[in-house]
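Undergrad: Just so you know, the sequences run in chain order A and B. Going by our numbering, the first residue of the first sequence is number 352, and it counts up by one from there. Going by our numbering, the first residue of the second sequence is number 352, and it counts up by one from there.
There are 2 protein chains.
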Amino acid sequence: MTNLRAGVDLGGTKIQAVIVDSDHRVIGQARRPTPVAGGPPAVADEIAATVREASEAAGVEPGALAAIGVGSPGYVDGREGTVAHARNLSDWEGVFPLGSTLAKALGPPVFLGNDVNVAVEAEFRLGAAQSYASIIGVWWGTGVGGAIILDGKLWLGRGAAGEIGHTVVRLNGARCSCGRRGCLEAYAGRGAMETHARRLVARGRETELFEIMEKRGRTRLSSGVWERALDREDELAVALIGRAIAALGAGIASAINLLEVEAVVIGGGLGTRLGQAWADRVARAMNPHLFVPERAPAVHAAGLGDLGGAIGAALIAEGEMARRVDPGV
Amino acid sequence: MTNLRAGVDLGGTKIQAVIVDSDHRVIGQARRPTPVAGGPPAVADEIAATVREASEAAGVEPGALAAIGVGSPGYVDGREGTVAHARNLSDWEGVFPLGSTLAKALGPPVFLGNDVNVAVEAEFRLGAAQSYASIIGVWWGTGVGGAIILDGKLWLGRGAAGEIGHTVVRLNGARCSCGRRGCLEAYAGRGAMETHARRLVARGRETELFEIMEKRGRTRLSSGVWERALDREDELAVALIGRAIAALGAGIASAINLLEVEAVVIGGGLGTRLGQAWADRVARAMNPHLFVPERAPAVHAAGLGDLGGAIGAALIAEGEMARRVDPGV
Numbered sequence: 352m353t354n355l356r357a358g359v360d361l362g363g364t365k366i367q368a369v370i371v372d373s374d375h376r377v378i379g380q381a382r383r384p385t386p387v388a389g390g391p392p393a394v395a396d397e398i399a400a401t402v403r404e405a406s407e408a409a410g411v412e413p414g415a416l417a418a419i420g421v422g423s424p425g426y427v428d429g430r431e432g433t434v435a436h437a438r439n440l441s442d443w444e445g446v447f448p449l450g451s452t453l454a455k456a457l458g459p460p461v462f463l464g465n466d467v468n469v470a471v472e473a474e475f476r477l478g479a480a481q482s483y484a485s486i487i488g489v490w491w492g493t494g495v496g497g498a499i500i501l502d503g504k505l506w507l508g509r510g511a512a513g514e515i516g517h518t519v520v521r522l523n524g525a526r527c528s529c530g531r532r533g534c535l536e537a538y539a540g541r542g543a544m545e546t547h548a549r550r551l552v553a554r555g556r557e558t559e560l561f562e563i564m565e566k567r568g569r570t571r572l573s574s575g576v577w578e579r580a581l582d583r584e585d586e587l588a589v590a591l592i593g594r595a596i597a598a599l600g601a602g603i604a605s606a607i608n609l610l611e612v613e614a615v616v617i618g619g620g621l622g623t624r625l626g627q628a629w630a631d632r633v634a635r636a637m638n639p640h641l642f643v644p645e646r647a648p649a650v651h652a653a654g655l656g657d658l659g660g661a662i663g664a665a666l667i668a669e670g671e672m673a674r675r676v677d678p679g680v
Numbered sequence: 352m353t354n355l356r357a358g359v360d361l362g363g364t365k366i367q368a369v370i371v372d373s374d375h376r377v378i379g380q381a382r383r384p385t386p387v388a389g390g391p392p393a394v395a396d397e398i399a400a401t402v403r404e405a406s407e408a409a410g411v412e413p414g415a416l417a418a419i420g421v422g423s424p425g426y427v428d429g430r431e432g433t434v435a436h437a438r439n440l441s442d443w444e445g446v447f448p449l450g451s452t453l454a455k456a457l458g459p460p461v462f463l464g465n466d467v468n469v470a471v472e473a474e475f476r477l478g479a480a481q482s483y484a485s486i487i488g489v490w491w492g493t494g495v496g497g498a499i500i501l502d503g504k505l506w507l508g509r510g511a512a513g514e515i516g517h518t519v520v521r522l523n524g525a526r527c528s529c530g531r532r533g534c535l536e537a538y539a540g541r542g543a544m545e546t547h548a549r550r551l552v553a554r555g556r557e558t559e560l561f562e563i564m565e566k567r568g569r570t571r572l573s574s575g576v577w578e579r580a581l582d583r584e585d586e587l588a589v590a591l592i593g594r595a596i597a598a599l600g601a602g603i604a605s606a607i608n609l610l611e612v613e614a615v616v617i618g619g620g621l622g623t624r625l626g627q628a629w630a631d632r633v634a635r636a637m638n639p640h641l642f643v644p645e646r647a648p649a650v651h652a653a654g655l656g657d658l659g660g661a662i663g664a665a666l667i668a669e670g671e672m673a674r675r676v677d678p679g680v
């Protein structure tokens, strides 16, 4: 056995695996598309294949890994090794024993954590938030996720704490994909922004967003598409991102007024892609809502980039992290 | 020296003092109006007089008290024994050494805490929230204050955590007394509700609110005035309280989505006066915004009534509580 560990970030579109050494250096990696059919068994097979590919890149047998950590969406029960209600994955409404399935396929022990929690913990231990004791991580992608670290420890509440994306920023406001109204995610989630853009285009509004999307062979407005459109100063993209930033500013400032942590880390697909210049805009949008603006928190873009989630997952495999245990709902 | 302690709740309109024994039983109390002129020295004199009066009622010399605790508005520095920026008190913008001033006047050691924090901690230790480990206290009065207890400990952030009243519930919404826009307090604070009611009356809207106020010899819409108007089903009162409840529901649900604590305690002048039936309405208004409605928190009206703040202040004097230390802004 080696002292190498694998970390897997299981996303709706891709599976990212890394192999890290005891200094958390990435010595091998692989990325594969997430299967869109076949349900949890197909996804588990593909995770195993991605770990094997990353292991090969690192020159290690998967069976020789000390442990494997997986950051997963949905309701993750770290003690039971199960994942349920992973709604952005194929047919994954029920409870699936992802931990034991992967352990059987690959050999080493497998640890599971919530995807956003592990990514935020990675930023806290190894990334942009290393110098703070208490932070809020805001994961800005298709949706808006979050995690809270207080005095060095992930705050889990009764299992599902951190849902900053479902802060009400506008009473009776826009309909959110969660079915509720006025949530931050209904304004700032990439999914909600795309829905909004498509609706405006159908009404005759002009934008380059969908041309850029098609040129890139995409069917959705990915973070890269938004970035390109912003670079070109596409009016609609600028307006919708501006609306998202205003909502993020209000929602995050409200969380700061409640918790007064020292720093905010903005990650996720869109947050990571847009980087510090846009994190600074979020900070400016927060300012008018802060109760103690003289003590505004630091706002950092995530520092570990696209691999942050997978590196964070490897941290669970070191047993260094609290695992999110969610009894389900 | 006895094992008796005094607790003082310093409010914008009244000073409430209690004398409690080692079982936290109130064995004497007194209440006086807060001086509206003369600045901090006048207020300190009146606090001392109120403690003397309560001591007399309890049959104890003030000098024989084991300790005195004071819950104060503004920025309270428990270590330094000072209070600053107490904007609802006479001329109290600067830093005043309230602790040493009272200790000199009365004899026993004096401990200071933030008024909302001590009242919420009293509910947590002795009142409506005794069976929980983690709660949010929402203090609904002229403004909307709050305090958070996580795993049995007051969470202070960098000194001013808990400001749930300045959660943005409506982007670009109503102007708040803090100068910002769309805060929960701008919809639910008794002060904001009165301003709104006066504006609507000036535009010709009918209501019994101000008649009830005048009959009671008041110049402001006190909690008792609102309660009476609600009892009479005054249309404007019902509408404005309904608007407040909707805002409380959204703001508190957002805090629950973030922290997932087990319970919410609603206190303060209006919360205490309206009681459990209205706390239940807040719970119903929260429900549509909860991310995990199946695990909705319990919502309790404060159980210690009007004396909760003073009893909580006596708890600080027992050294049982974390004191709010606020470095100021």
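C-beta: ideal position from N, C-alpha, C; glycine also.
Under 8 angstroms, CB to CB, which of the residues in the region 623 to 643 of chain B have a partner in chain A?
TA: Result list: Pro639, His640, Phe642 and Val643.
Undergrad: Would you please verify whether the beta carbon of B:Arg438 is less than 8 angstroms from any beta carbon of chain A?
TA: Translated into positions along the second sequence, residue 438 of chain B becomes position 87. Not closer than 8 angstroms to any Cβ of chain A, the Cβ of B:Arg438 fails to qualify, so no.
Undergrad: Is it true that the region 383 to 395 of chain B meets the region 407 to 417 of chain B, where meeting means three or more beta-carbon pairs spaced less than 8 angstroms apart?
TA: No, the region 383 to 395 of chain B does not touch the region 407 to 417 of chain B.
Undergrad: What residues are listed by DSSP as bridge partners for A:Ala525?
TA: By 1-based counting over the first sequence, the position of residue 525 of chain A is 174. In DSSP, A:Ala525 forms no bridge with anything.
Undergrad: In terms of residues, what are the limits of the alpha helix (DSSP H) holding B:Ala595?
TA: If you number the second sequence from 1, residue 595 of chain B lands on position 244. Glu586 to Leu610 is the extent of the alpha helix (DSSP H) around B:Ala595.
Undergrad: Span of the alpha helix (DSSP H) holding A:Phe475?
TA: Residue numbering aside, residue 475 of chain A sits at position 124 when the first sequence is read from its first letter. Residues Asp466 to Leu477.
Undergrad: Would you mind stating whether A:Gly488 and A:Gly602 have Cβ atoms separated by less than 8 angstroms?
TA: Residue mapping note: residue 488 of chain A aligns to position 137 of the first sequence, counting from 1. Residue mapping note: residue 602 of chain A aligns to position 251 of the first sequence, counting from 1. Not closer than 8 angstroms, so no.
Undergrad: Taking C-beta to C-beta, are A:Ile662 and A:Ala636 nearer than 8 angstroms?
TA: Indexing the first sequence from 1 puts residue 662 of chain A at position 311. Indexing the first sequence from 1 puts residue 636 of chain A at position 285. Going by C-beta atoms, A:Ile662 is not nearer than 8 angstroms to A:Ala636.
Undergrad: Which whole runs of the alpha helix (DSSP H) in the region 367 to 420 of chain A are 4 residues long or more, in chain order?
TA: Counting only runs of 4 or more, we get 390 to 409.
Undergrad: Would you mind telling me which residues of chain B sit closer than 7 angstroms to A:Val337, beta carbon to beta carbon, in chain order?
TA: Residue coverage of chain A in this structure runs from 352 to 680, which leaves residue 337 of chain A outside it and unanswerable.
Undergrad: What residue does the alpha helix (DSSP H) around B:Trp322 start on, and which one ends it?
TA: Outside the displayed range of chain B (352 to 680) lies residue 322 of chain B, so it cannot be described from this structure.
Undergrad: In the DSSP assignment, find the alpha helix (DSSP H) that holds A:His640 and state where it starts and stops.
TA: Here residue 640 of chain A refers to the residue found at position 289 when the first sequence is read from its first residue. Segment: none, A:His640 is in no alpha helix (DSSP H) and carries neither H nor E.
Undergrad: Provide the residue(s) that pair with B:Trp491 in DSSP beta bridges, ordered along the chain.
TA: What you label residue 491 of chain B is simply residue 140 of the second sequence in a count that begins at 1. B:Val495, per the DSSP bridge assignment.
Undergrad: According to the neighbour-count rule (16 or more other Cβ atoms, all chains shown, within 10 Å of its Cβ), is A:Met672 buried or exposed?
TA: Translated into positions along the first sequence, residue 672 of chain A becomes position 321. Here the model assigns A:Met672 a pLDDT of 43, short of 50, so the residue's position is not dependable, and the following value carries that caveat. Answer is buried; the Cβ neighbour count reaches 16.
Undergrad: Assuming A:Glu536 and A:Val495 form a contact by the criterion Cβ under 8 angstroms, report the distance between their Cβ atoms to the nearest whole angstrom.
TA: For the purposes of this step, residue 536 of chain A is taken as the residue at position 185 of the first sequence. For the purposes of this step, residue 495 of chain A is taken as the residue at position 144 of the first sequence. Going by Cβ atoms, the distance from A:Glu536 to A:Val495 rounds to 4 angstroms, so yes, they are a contact pair.
Undergrad: In three-state DSSP terms, what is A:Arg532?
TA: Within the first sequence, numbered from 1, the residue matching residue 532 of chain A stands at position 181. In the structure shown, A:Arg532 sits in a strand (DSSP, three-state: E or B).
Undergrad: If we ignore side chains and look at the alpha-carbon of each, how far apart do A:Ala435 and A:Gly464 end up?
TA: Position 84 of the first sequence holds residue 435 of chain A. Position 113 of the first sequence holds residue 464 of chain A. Roughly 12 angstroms separates the two Cα atoms.
Undergrad: Assign B:Val576 to one of three DSSP states: helix, strand, or coil.
TA: Reading the second sequence from its first residue, position 225 is the one you call residue 576 of chain B. Three-state result, B:Val576: helix.
Undergrad: Would B:Val612 pass as an interface residue toward chain A - the criterion being a Cβ-Cβ separation below 8 angstroms?
TA: For the purposes of this step, residue 612 of chain B is identified with residue 261 of the second sequence, where counting begins at 1. Yes, B:Val612 lies at the interface with chain A (some Cβ there is under 8 angstroms from its Cβ).
Undergrad: Residues in the region 418 to 447 of chain A with C-beta within 9 angstroms of chain B's C-beta atoms, listed in sequence order?
TA: Per Cβ criterion, the list is empty.
Undergrad: If we define contact as Cβ-Cβ less than 8 angstroms, is B:Asn608 a contact residue for chain A?
TA: Counting from one through the second sequence, the residue named residue 608 of chain B turns up at place 257. Chain A, which has a Cβ nearer than 8 angstroms to the Cβ of B:Asn608, makes this yes.
Undergrad: For B:Ile515, which beta-bridge partners are listed by DSSP?
TA: Numbered from its first residue, the second sequence carries residue 515 of chain B at position 164. Paired residue(s): none; B:Ile515 is not in a bridge.
Undergrad: Closer than 8 angstroms by beta-carbon distance: list the chain A residues that pair up with B:Trp506, in chain order.
TA: The residue given as residue 506 of chain B occupies position 155 in the second sequence. Per Cβ cutoff of 8 angstroms: Leu501 and Leu610.
Undergrad: Please classify B:Thr364 as buried or exposed, where buried requires at least 16 other C-beta atoms within 10 Å of its C-beta.
TA: Taking the second sequence and counting its residues from 1, the one referred to as residue 364 of chain B is at position 13. Exposed, by the Cβ-count rule.
Undergrad: Cβ atoms of B:Ala665 and B:Val394: under 8 angstroms apart, would you say?
TA: As a first step, residue 394 of chain B is located in the second sequence; it is residue number 43 there, counting from the start. As a first step, residue 665 of chain B is located in the second sequence; it is residue number 314 there, counting from the start. The answer is no: Cβ separation not under 8 angstroms.
Undergrad: Counting C-beta neighbours from all protein chains within 10 Å, is the total for B:Ala628 16 or more, i.e. buried, or is it exposed?
TA: Position 277 of the second sequence, counted from the first residue, corresponds to residue 628 of chain B. Result: exposed.
Undergrad: With a 10 Å radius around its C-beta and 16 neighbouring C-beta atoms as the bar for buried, classify A:Gly432 as buried or exposed.
TA: Here residue 432 of chain A refers to the residue found at position 81 of the first sequence. Result: buried.
Undergrad: Using a Cβ distance threshold of 8 angstroms, determine whether the region 569 to 584 of chain A contacts the region 513 to 520 of chain A, with at least three qualifying pairs required.
TA: With the cut-off at 8 angstroms, the region 569 to 584 of chain A and the region 513 to 520 of chain A do not touch.
Undergrad: Less than 8 angstroms between CB atoms is the rule here; does A:Glu514 satisfy it with respect to chain B?
TA: On the first sequence, residue 514 of chain A is found 163 positions in, with the first residue counted as 1. It does; some Cβ of chain B falls within 8 angstroms.
Undergrad: Which residue's Cα is closest to the Cα of B:Leu560: B:Ala590, B:Val633, B:Glu611 and B:Val402?
TA: Stepping through the second sequence from its first residue, residue 560 of chain B is reached at position 209. If we check each option's Cα against that of B:Leu560, B:Ala590 comes out closest.
Undergrad: With 8 angstroms as the threshold, decide whether the Cβ of A:Leu406 is near any Cβ in chain B.
TA: On the first sequence, residue 406 of chain A is found 55 positions in, with the first residue counted as 1. Per the sequence shown, the amino acid found at residue 406 of chain A is Ser instead of Leu. With 8 angstroms as the cut-off, A:Ser406 does not count as an interface residue toward chain B.
Undergrad: Can you have a look at B:Thr570 and say buried or exposed, based on whether 16 or more other CB atoms are within 10 angstroms of its CB?
TA: Working through the second sequence from its first residue, we reach residue 570 of chain B at position 219. Under this definition B:Thr570 is an exposed residue.
Undergrad: What does the alpha-carbon distance come out to for the pair B:Leu507 and A:Arg567?
TA: Counted from its first residue, the second sequence places residue 507 of chain B at position 156. Counted from its first residue, the first sequence places residue 567 of chain A at position 216. Whole-angstrom Cα-Cα distance: 48 angstroms.
Undergrad: Which residues in chain B have a C-beta closer than 9 angstroms to the C-beta of A:Ser482? List them in chain order.
TA: Here residue 482 of chain A refers to the residue found at position 131 of the first sequence. Chain B residues near A:Ser482: none, gap ~15 angstroms exceeds 9 angstroms.
Undergrad: How long is the line joining the alpha carbons of A:Ile499 and A:Glu514, rounded to whole angstroms?
TA: Locating residue 499 of chain A in the first sequence gives position 148, where the first residue counts as 1. Locating residue 514 of chain A in the first sequence gives position 163, where the first residue counts as 1. Distance between the alpha carbons of A:Ile499 and A:Glu514: 9 angstroms.
Undergrad: Cα separation between B:Arg356 and B:Ser528?
TA: If you number the second sequence from 1, residue 356 of chain B lands on position 5. If you number the second sequence from 1, residue 528 of chain B lands on position 177. Spanning the two alpha carbons is a distance of roughly 36 angstroms.
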